[in-house]
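Trainee:
Protein chains: 2
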Amino acid sequence: MDEFAFINQVKQSVYRQSSLVKGVGDDAAVFRQTAQDVITAVDTLVEGVHFSRKVMDPFHIGFRSLAANVSDIAAMGAVPAFYLVSIVIPESYSDRDLDGIYQGLSSAASAHHMDLIGGDTVSGGELSIAVTAIGFVKKEKARYRSVAQPGDILFVTGTLGDSAAGFHMLNSNGYYTDRAHYEDRHRMPQIRSHFAGQLESLNRVALNDISDGIANEANEIADASQVTLTIEEERIPVRTSFAQFTAEQQHNWKLYGGEDFELLGSVSEREWDVLSTIAERTQTPLTKIGYVSSSEEKNNRVILIDRTDKSTQLLKKGYTHRSR
Amino acid sequence: MDEFAFINQVKQSVYRQSSLVKGVGDDAAVFRQTAQDVITAVDTLVEGVHFSRKVMDPFHIGFRSLAANVSDIAAMGAVPAFYLVSIVIPESYSDRDLDGIYQGLSSAASAHHMDLIGGDTVSGGELSIAVTAIGFVKKEKARYRSVAQPGDILFVTGTLGDSAAGFHMLNSNGYYTDRAHYEDRHRMPQIRSHFAGQLESLNRVALNDISDGIANEANEIADASQVTLTIEEERIPVRTSFAQFTAEQQHNWKLYGGEDFELLGSVSEREWDVLSTIAERTQTPLTKIGYVSSSEEKNNRVILIDRTDKSTQLLKKGYTHRSR
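Protein sequences appear in the order of chains A and B.
First residue of the first sequence: 1463, per my numbering; consecutive thereafter.
First residue of the second sequence: 1463, per my numbering; consecutive thereafter.
1) Applying a beta-carbon distance threshold of less than 8 Å, which residues of chain A neighbour Y1606 of chain B?
2) Rounding to the nearest angstrom, what Cα-Cα distance links R1647 of chain B and S1625 of chain B in this structure?
3) Inspect the beta-carbon positions of A1604 of chain B and V1486 of chain A and report whether they are closer than 8 Å.
4) Applying the criterion that 16 or more other CB atoms from any shown protein chain within 10 Å of the CB defines a buried residue, is D1488 of chain A buried or exposed?
5) Closest to E1721 of chain A by CA distance: which of A:N1665, A:L1737, A:R1654 and A:A1543 is it?
6) How big is the Cα-Cα spacing for P1747 of chain B and R1701 of chain B?
7) Looking at E1588 of chain B and the ligand NAP, is the gap between the Cβ and the nearest heavy atom below 7 Å?
8) Can you give me, in chain order, the residues of the stretch 1679 to 1706 of chain A that have a beta carbon less than 7 Å from any beta carbon in chain B?
9) What is the DSSP secondary structure of F1598 of chain B, counted as helix, strand or coil?
10) Going by DSSP, which residues form a beta bridge with S1514 of chain B?
11) Is it buried or exposed, S1728 of chain B, if we count other Cβ atoms within 10 angstroms and call 16 or more buried?
12) I'd like to know if K1601 of chain B contacts chain A, where contact means its C-beta is closer than 8 Å to some C-beta of that chain.
13) Run through the stretch 1708 to 1741 of chain B for me and flag every whole beta strand (DSSP E) of 3 or more residues, listed as ranges in chain order.
14) Within the 8 Å Cβ cut-off, does L1776 of chain B reach chain A?
15) Kindly give me the distance between the Cβ atoms of P1612 of chain B and S1755 of chain B, rounded to whole angstroms, as I take these residues to be in contact under 8 Å.
16) Answer with yes or no whether the minimum CB distance from I1789 of chain B to chain A is below 8 Å.
17) Does any C-beta atom of chain A lie closer than 8 Å to the C-beta of A1571 of chain B?
18) Kindly indicate if chain B contains any beta-carbon less than 8 Å away from that of Y1781 of chain A.
19) Measure the CB-CB distance between P1699 of chain B and V1618 of chain B and report whether it falls below 8 Å.
20) Among all the DSSP beta bridges, which residues are the ones paired with S1590 of chain B?
21) Is the stretch 1499 to 1507 of chain B in contact with the stretch 1627 to 1638 of chain B, if contact means three or more CB pairs nearer than 8 Å?
22) Please confirm whether A1529 of chain A has its beta-carbon closer than 8 Å to some beta-carbon of chain B.
23) Helix, strand or coil: how does DSSP classify F1567 of chain A here?
24) If you reduce the DSSP assignment to three classes, tell me which class P1612 of chain A lands in.
25) Return the chain-ordered list of same chain residues with a C-beta closer than 6 Å to the C-beta of A1627 of chain B, the five sequence neighbours on each side being excluded.
26) Pull up the DSSP beta-bridge partners for G1485 of chain B, would you.
27) 8 Å is my cut-off, CB to CB: does F1513 of chain B come that close to chain A?
28) What are the partner residues of T1692 of chain B, as DSSP defines its beta bridges?
29) I want to know whether the stretch 1661 to 1668 of chain A touches the stretch 1522 to 1537 of chain A - three or more CB-CB distances under 8 Å.
30) With a cut-off of 8 Å on the beta carbons, I'd call V1609 of chain B and I1693 of chain B a contact; round off their distance for me.
31) Does S1475 of chain A come within less than 8 Å of chain B when only Cβ atoms are used?
32) Spell out whether any CB of chain B is found under 8 Å from the CB atom of V1508 of chain A.
33) Inspect the CB distances between the stretch 1550 to 1567 of chain B and the stretch 1541 to 1549 of chain A and report whether three or more fall short of 8 Å.
34) Spatial neighbours of V1472 of chain A within its chain, please: C-beta separation below 7 Å, excluding the five flanking residues on both sides.
35) Any C-beta of chain B sitting closer than 8 Å to the C-beta of D1768 of chain A?
36) How about R1526 of chain B: is its C-beta nearer than 8 Å to some C-beta of chain A?
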């Protein structure tokens, strides 16, 4: 399939976003957004680095490429609107595979009312997909990881470790309960966009998405905000059937497992009730997992308290794309 | 170099665009643009498909990646402002090579007062660079290829065939005059941003950038506008030293040579003087090369009239990325 054929195939017949002036079909797309701030993020998936065809169908590859970007938009407290996609695809992929990738992208886009406004596909030696996502947020309401303050409540949405558990199952023939749930969490991650888009009523909230494990994201908030975060390990929410895994697996996956795409953040105690109401309204599981305190001598750290009340420093280790 | 180190290295200490609210450093970037429409385009370069290291240094690869995108923004009559870049880089590239790519991107960005607001670098089997460029244009003044009308004057900026000639020279040891000029046109294309950004005062102008040869771009305008374009071959502007090439080379390069990144467009006779003034003010060579007429029975075509007054249909053939 040549470039031209592909872009015609993926061109939407109907666009969802009213701010769009011109979609696919000219040198570039045009949109108008005078009321809100514009949010942009780019993310790249490469075969063999970020995913393997052994456990991911073309549909999943497409779906996850967009979901990872939507997660970055959500982590800004914003709502996604548009995406542009660049696909490098080897000759070994059939037109049907390419169509599968597109169906996955399209399915994730549909779930978030997003429009594809630019695309480029080129043949190359290995599959890689770079997505740029564009979202909108009320002026001055973009949420940064740098605004956590001592006294804040630390919270997380959903359950952690599911994606890592799903990845484990996809590479294993063992008997597991709840297999479909975990595998779906890995291959078709659901993003907390609806929740994120409702956060505008809060005065202040620090926010990060959990793409590289909570240990990593918590350290990013601590560094950016120059504070210390304390997490009580027993409070980290996991699915009931998570108990089927070994203690070591549970520990590693919930702390360092990547790509859960849940949200980690902090709010003042005063605003906790507002946040809880937003969570209820958007049917988002929300859990207090710790608190924020001031750092001694600029030593910004994340402290993990285990079930025996022992404190250890939680480091940024664990999941990296390269070491997988 | 890991992802984190790279993004820190490329992070600008000072941003040029006043509309930027938050640059690199959080989950996504934020900008605010209430006065103008927003333009976005994505373009991907892959080693071995779009360029070869034999003739392109890492600096040139970076420079051209961004330039190709800026050209798409210019082709909308818009001014570039931001870019996001996704780089897949093989282990065989050193940190110094990666730095060279960045320097090339950065140099092109500087020339157009653009800010890097998002980046992602991942190791992979072959070098590919996907750039998303974002620009701004006065509301309702984005320029489409679909608005050419019978009676319009067809124009082109600069000279054509230079990039193809440069590519030929870079692969040849022969003696040529003006070698540096042609090689530069291929490796460090200059984009008509300044000219494009001044077109707002025109009521109507159809516009395309010449990335795949004028034959291709003219057909795109004819199809999108449902008109017939007539081009007089002898009027197509070429550099004086272009005469050193064979007649066949000249013919092929100026009609089908890719990546000159000049602008092809059409305006009404009434607005020709306004356009000429903009060209003078921005020191942009501007040449009338033909005219637009209505298509008989929806048969939208491009007619080429040669020096002997013979007419032939100019087809969309020639340069494609794949066949190179």
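Even glycine gets a Cβ: it sits at the ideal position worked out from N, Cα and C.
For clarity, every value in this text was computed on a predicted model and none was experimentally measured.
Mentor: Here's the rundown:
1) K1484 and D1488
2) 5 Å
3) no
4) Burial call: buried.
5) Out of A:N1665, A:L1737, A:R1654 and A:A1543, A:R1654 has the C-alpha closest to the C-alpha of E1721 of chain A.
6) 11 Å
7) In the structure on display, the ligand NAP does not appear, and there are no ligands present to speak of.
8) none
9) strand
10) S1514 of chain B pairs with nothing; no bridge assigned.
11) buried
12) yes
13) If we require 3 residues or more, the beta strand (DSSP E) runs fully inside the stretch 1708 to 1741 of chain B come out as 1725 to 1729.
14) no
15) 5 Å
16) No answer is possible for residue 1789 of chain B: it lies beyond the span of chain B, which begins at 1463 and ends at 1786.
17) no
18) Note that Y1781 of chain A scores a pLDDT of 37, beneath 50, so its modelled location is shaky; the value from the coordinates is reported in the next line. Chain B, which has no Cβ nearer than 8 Å to the Cβ of Y1781 of chain A, makes this no.
19) In this structure, V1618 of chain B lies closer than 8 Å to P1699 of chain B by Cβ.
20) Within the DSSP bridge table, the entry for S1590 of chain B names B:V1508 and B:V1550 as partners.
21) no
22) no
23) Per the sequence shown, the amino acid found at residue 1567 of chain A is Leu instead of Phe. Note: L1567 of chain A maps to helix in three-state DSSP.
24) coil
25) Y1644 and W1715
26) None; G1485 of chain B has no bridge partner.
27) In terms of beta-carbon proximity, F1513 of chain B stays away from the interface with chain A, with every pair separated by 8 Å or more.
28) Beta-bridge annotation (DSSP): T1692 of chain B is paired with B:Y1753 and B:I1765.
29) Result no; under three Cβ-Cβ pairs closer than 8 Å.
30) Incorrect: roughly 18 Å between the Cβ atoms, too far for contact.
31) Residue contact with chain B for S1475 of chain A: absent (no Cβ-Cβ distance below 8 Å to any residue of chain B).
32) yes
33) Because the criterion of three Cβ pairs below 8 Å is not met, the stretch 1550 to 1567 of chain B and the stretch 1541 to 1549 of chain A do not touch.
34) Same-chain partners within the cutoff: Y1564, L1578 and G1581.
35) no
36) no
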